[in-house]
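Everything on this sheet refers to the single structure shown next.
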Amino acid sequence: NSSQGPNYTYLWVPVDVGQIEAGTETTLNPVILAPGTYQLVVTDTTNNCFGTDEVVVSIDTVAPVAEAGVGGELNCTDPSLTLDGSASSQDGSGQYTYQWTGPVGAPIQNATTLMPTVSVPGWYHLTVIDTDNGCSATDSVEVLENSATPQIVVDVSGELTCVVDTVQLDASATTGVQLQYAWAGPCVGQSDQSTALATCPGTYSVTVTDLSNGCADSMQVAVTENVTSPSVQAFAPDEITCSVTCVEVSAEATPAATYTWQWTPLDPNAEIMHADSSVATVCTPGGYTVVATDVSNGCTGSALVGVSANTVPPVADAGMAEPITCAEPTSMLDGSGSSQGAPGAYSYQWVPLDGGAIQPGDETSLSPTVLAPGTYQLIVTNNQNGCTATDEVVVADETWPPLAEAGPDAQIGCLDDDTLLDGSASESGPTISYTWLDAAGMP
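The sequence shown begins at 4 in the working numbering and counts up by one.
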């Protein structure tokens, strides 16, 4: 409010320590470069009268307060965070301005307020400017990130088989802080544990949430089954006979695998050897069941095989025999009533049991000639099954001589030229004939 006009001059003079920008000290609005007391001299050039006044320029370099707050953490539950600079200088009059800055390219909502929202981790800087004195202050705060998802590891205990009806799914090796589990699949109940049980094949999933940061991840695993039962065939190529009393039965299974075997006779009294092998030995005709078990999955298959028997003996008929006599010193036996067939089907063997004798070469004939009385056994063998039968015939001994009794001796004298001999004491009968021989053997 100093006097103004063309007849007035102005001069600013620092009273004590002070400094005025050169060239401005004769203006109404000098530029002051240092605090101090300044005197204004106004002179009226028309009468050289002057007036003075003083003004004090003080120091105002007090910086405002910048308080960026305590920061925070971004995670899967809270992907954004509101920073709190409310402890910074503020008066409500607009004296202070605010500016938040952060990582390059990071978006900041409400960056010129005390409560901005950020969604990128890093350091954020709050600058507060006092518009009255131009002083400013800056504070920084770090926003951390905790968005690590659980590292899921699932172990499947195996596969479903004919003997394993439940498979355990185990996610206990999953890493994280405070884990929560949720299982899903075709045959699994609600489960919030680290393990679950699957009872049918299919795709199963587990979702693991880390409650410390809300982050979650999922993993799928497959539960497979191996329930293929083997196809079993059993064989009994031979039959039980009199010569082959035990035979082998065998079995094979498909597909190719490692199997255990078990044979069981339908007749509990039947004898069986090597019953735990694919090839067993049986000695009793009848039915036999074999069970093959696949070691890899416990699945079984079975087959039934029948073992037949051919143990019917042949017929042995030694026939009747003529006796050995003095007139017939040999006798022909007759085994023609015995079993006969194609050449080689049967074999025959005659055996003297009590000192008889058979004409050499006739022992295997059905009609051998025997040379002595006695008992003869005929052995007939069925060469197809080894079964035998025997029969016996007795060749009587009728070689004892009849009783010859010539009577008492007689004499021929001078008076008689002959005599009568008396053989009446000899054996008699319709089959007896008599012949008298002289000393020379002549009749």
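Virtual Cβ for every residue (Gly too), placed ideally from N, Cα, C. None of the values given here were measured: they were computed from a predicted structure.
Check	Outcome
Candidates 4, 7, 59, 14: closest to residue 20 by CA position	59
Check whether residue 471 and residue 190 have beta carbons under 8 Å apart	With the chain running from 4 to 446 in the structure shown, residue 471 is simply not present.
Which of helix, strand or coil DSSP assigns to residue 171	strand
Cβ-based burial, residue 158 [other Cβ within 10 Å; buried from 16]	exposed
Touching by the beta-carbon criterion (3+ pairs, under 8 Å), the stretch 146-165 and the stretch 205-225	yes
Contact check, residue 359 vs residue 373, beta carbons under 8 Å	yes
Stretch-stretch touch, CB-based, cutoff 8 Å, three pairs: the stretch 301-310 with the stretch 234-245	yes
N- and C-terminal bounds of the beta strand (DSSP E) containing residue 184	182-187
Endpoints, the beta strand (DSSP E) within which residue 218 is located	218-226
Those residues which DSSP pairs with residue 349 across a bridge	385
Nearest-angstrom Cβ-Cβ length linking residue 334 and residue 398, presumed shorter than 8 Å	5 Å
Contact between the stretch 377-396 and the stretch 351-358 (3+ Cβ pairs under 8 Å)	yes
Reference residue 347; option with closest CA among 318, 314, 387	387
Backbone secondary structure at residue 113 - three-state DSSP	coil
Between the CA atoms of residue 400 and residue 424 - distance to the nearest angstrom	32 Å
Burial state of residue 256 (16 or more Cβ within 10 Å)	buried
From 296, 411, 291, 416, residue whose alpha carbon lies closest to that of residue 426	411
Residues near residue 3 in its chain [Cβ-Cβ closer than 6 Å; skip 5 each side]	Residue numbering for the chain in the displayed model covers 4 to 446; residue 3 lies beyond these limits and cannot be assessed.
Under the three-state DSSP convention, the category residue 52 falls into	strand
Three-state secondary structure assigned by DSSP to residue 426	coil
For residue 335, the residue or residues it bridges with in DSSP	372
Under the three-state DSSP convention, the category residue 236 falls into	strand
Nearest-angstrom beta carbon gap, residue 226 and residue 163 [assumed within contact, 8 Å]	7 Å
From 361, 366, 368, residue whose alpha carbon lies closest to that of residue 377	361
Collapsed DSSP secondary structure at residue 356 in the structure displayed	coil
Three-state secondary structure assigned by DSSP to residue 57	strand
For residue 286, the nearest candidate out of 302, 25, 244, 150 (CA to CA)	244
Distance cut-off 7 Å: residue 293 Cβ against heavy atoms of the ligand SAM	The ligand SAM is absent from the structure shown, which contains no ligand whatsoever.
Proximity test, Cβ basis, 8 Å: residue 231 and chain C	Included in the structure is just one protein chain, with no chain C present.
CB of residue 184 within 8 Å of CB of residue 195, strictly	yes
Endpoints, beta strand (DSSP E) assigned at residue 149	139-149
Bounding residues of the beta strand (DSSP E) (the contiguous stretch that carries residue 81)	Where residue 81 is concerned, there is no enclosing beta strand (DSSP E), given that its DSSP letter is neither H nor E.
Top-ranked residue by Cα proximity to residue 37, from 25, 294, 339	25
Length of the line joining the Cα atoms of residue 98 and residue 151	43 Å
Bounding residues of the beta strand (DSSP E) (the contiguous stretch that carries residue 11)	11-17
Residue 338 versus residue 318 - alpha carbon distance	10 Å
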